[in-house]
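K.L.:
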Amino acid sequence: TNVGIWEYSKIVQLGSRHGFGFAVREGLRQVSTPFVLVLQHDRVFMRAFDLLGAIKALALEKSVNYILLQNTSTLGYLKKLGDLLNKGKHKVEIPSQVQQLTVADVALTPLVQWLDSTHICKTEWYRSFVFNPARKLVSRGGFIEDKFGQAQIADIRSRGFQRVYEWGCWLLDDKQERCVGHVNGRRAISAAQKQAMIDFCRSNPSESLQSNAELRWQAAMEVKESLKEHIYIKRSISSVTSLQPKVDEKTAVVEKGTSS
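Letter by letter, the sequence shown follows residues 533 to 792 in this note's numbering.
Okay, here's the thing in structure tokens:
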């Protein structure tokens, strides 16, 4: 039985290589709440942020479908718009005053291109728009930003900057300080700790696939206990956290959610 922070967690082991995009799609099948937080296995939170405010913005503003958290590449984002949009033959007229949003005291800046880094999203929009089979904007084995993000920025380049608001992708522009950072997996555990995990799994070769998954998780937890910081060890799996709000006309309150 999962307890503590893992009480509402579930590990979904995929039978084949899906890649990030389709792994997220599989995770979404476990989600029953209207909003979802996608956290990659190699991303960690570097500081606090207004999660409740971000959820309120998604709940109360129809044009907000996706909110990206600040990372190194998005710092000073407005100043980077010209470089992002005007490459090669592309020349996009960018307004001198880009329309930003403030919803539930949360500052949002429009994104011209989806990024797979840690984000919060409307679950149904994720399923019906991002993973719409007719659009074919996500490929098996690839990242969402590889195809969806390229289609988005190509649309803005060809049809003008105002198209950015039609896609409904925003940056939580709360501080010029990264909110999430990237973990170097090669340095996450020592060689001795890695070998201990391998030995643990090899000592149980007759177990079923599900049992092996449980054993690997147990081994990871034992290794984690020996470290000063949390280490998350996954393969082709993303953490997808469900966020369940209670919404009225003026406010949104987050209730107990689940993680998968």
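The beta-carbon is built from N, C-alpha and C at its ideal position, and this holds for glycine as well.
Pick out whichever of W538, Q645 and L600 has its Cα sitting closest to the Cα of R575.
P.N.:
Locating residue 575 in the sequence shown gives position 43, counting from the first residue. Minimum Cα distance to R575 is reached at L600.
K.L.:
Can you check whether the CB of L703 is closer than 9 Å to the CB of F581?
P.N.:
Here residue 581 corresponds to residue number 49 of the sequence shown, with the count starting at 1. Here residue 703 corresponds to residue number 171 of the sequence shown, with the count starting at 1. Contact: no.
K.L.:
When the distance is taken between beta carbons, is G553 closer than 9 Å to K679?
P.N.:
One-based indexing of the sequence shown puts residue 679 at position 147. One-based indexing of the sequence shown puts residue 553 at position 21. Their beta carbons are under 9 Å apart, which means K679 touches G553 by this criterion.
K.L.:
Give me the DSSP bridge partner(s) of W702.
P.N.:
Along the sequence shown, one-based indexing puts residue 702 at 170. Bridge partners of W702: I599 and P642.
K.L.:
For I794, does the three-state DSSP call read helix, strand or coil?
P.N.:
The requested residue 794 is not part of the displayed model; the chain covers only 533 to 792.
K.L.:
So for F567, helix, strand or coil by DSSP?
P.N.:
For the purposes of this step, residue 567 is taken as the residue at position 35 of the sequence shown. DSSP places F567 in strand when its eight states are reduced to three.
K.L.:
Give the C-beta separation of G652 and F567 to the nearest angstrom, bearing in mind that I take them to be a contact with Cβ-Cβ under 8 Å.
P.N.:
Here the question's residue 652 lines up with position 120 in the sequence shown. Here the question's residue 567 lines up with position 35 in the sequence shown. The sequence given here has Ile at residue 652, not Gly. Confirmed, Cβ separation roughly 6 Å.
K.L.:
In the structure shown, what three-state DSSP assignment does G585 receive?
P.N.:
Within the sequence shown, the letter at position 53 stands for residue 585. G585: helix per DSSP, three-state reduction.
K.L.:
For V576, report the span of its alpha helix (DSSP H) as first-last.
P.N.:
Within the sequence shown, the letter at position 44 stands for residue 576. It is not in any alpha helix (DSSP H) - V576 instead sits in the beta strand (DSSP E) that spans R575 to F577.
K.L.:
Answer with buried or exposed for R579, where buried requires no fewer than 16 other C-beta atoms within 10 angstroms of its C-beta.
P.N.:
The residue you call residue 579 lines up with position 47 of the sequence shown. Exposed, since its Cβ has fewer than 16 Cβ neighbours within 10 Å.
K.L.:
Count Cβ pairs between the stretch 598-618 and the stretch 664-671 that sit closer than 8 Å; are there 3 or more?
P.N.:
No, the stretch 598-618 does not touch the stretch 664-671.
K.L.:
Which runs of the beta strand (DSSP E) spanning at least 3 residues fall entirely within the stretch 660-692, listed in chain order?
P.N.:
Fully enclosed beta strand (DSSP E) runs of 3 or longer: not present.
K.L.:
Assign G547 to one of two classes, buried (16 or more other C-beta atoms within 10 Å of its C-beta) or exposed (fewer than that).
P.N.:
Here the question's residue 547 lines up with position 15 in the sequence shown. G547 comes out exposed.
K.L.:
Would you call the stretch 536-547 and the stretch 619-634 touching, i.e. three or more CB-CB distances under 8 Å?
P.N.:
The stretch 536-547 is not in contact with the stretch 619-634.
K.L.:
If you draw a straight line from the alpha carbon of W646 to that of G674, how long is it in whole angstroms?
P.N.:
Walking along the sequence shown from the start, residue 646 turns up at place 114. Walking along the sequence shown from the start, residue 674 turns up at place 142. Distance between the alpha carbons of W646 and G674 is about 14 Å.
K.L.:
Suppose you measure from the CA of Q698 to the CA of H573; what does that come to, to the nearest Å?
P.N.:
Along the sequence shown, one-based indexing puts residue 698 at 166. Along the sequence shown, one-based indexing puts residue 573 at 41. A quick correction: the sequence has Glu, not Gln, at residue 698. The alpha-carbon atoms of E698 and H573 are separated by roughly 30 Å.
K.L.:
In whole angstroms, what separates the C-alpha of L583 from that of E593?
P.N.:
On the sequence shown, position 51 is the one that residue 583 refers to. On the sequence shown, position 61 is the one that residue 593 refers to. In a straight line, the C-alpha of L583 is about 15 Å away from that of E593.
K.L.:
Mind checking T604: buried by the 16 CB within 10 Å criterion, or exposed?
P.N.:
The residue given as residue 604 occupies position 72 in the sequence shown. Per the 10 Å Cβ criterion, exposed.
K.L.:
In whole angstroms, what is the alpha-carbon distance linking V644 and A723?
P.N.:
Counting from 1 along the sequence shown, the entry for residue 644 is found at position 112. Counting from 1 along the sequence shown, the entry for residue 723 is found at position 191. So the alpha carbons of these two residues sit roughly 41 Å apart.
K.L.:
Please name the residue in S649, L607, K707 and E625 whose C-alpha comes closest to that of G690.
P.N.:
The residue you call residue 690 lines up with position 158 of the sequence shown. In the sequence on display, residue 690 carries Ser and not Gly. The residue with the shortest Cα to Cα distance from S690 is E625.
K.L.:
Per the DSSP calculation, T606 is bridged to which residue(s)?
P.N.:
The sequence position of residue 606 within the sequence shown is 74, counting from 1. BP columns for T606 are empty, so no partner.
K.L.:
Who are the Cβ neighbours of E539 in its own chain at under 8 Å, not counting the five residues just before and after it?
P.N.:
Against the sequence shown, residue 539 aligns to sequence position 7. Once the five neighbours on either side are set aside, E539 has no close Cβ partner at all.
K.L.:
Spatial neighbours of N597 within its chain, please: CB distance less than 6 Å, with the 5 preceding and 5 following residues excluded, ordered by chain position.
P.N.:
Translated into positions along the sequence shown, residue 597 becomes position 65. Excluding positions up to five away in sequence, the list reads K654, W657 and G700.
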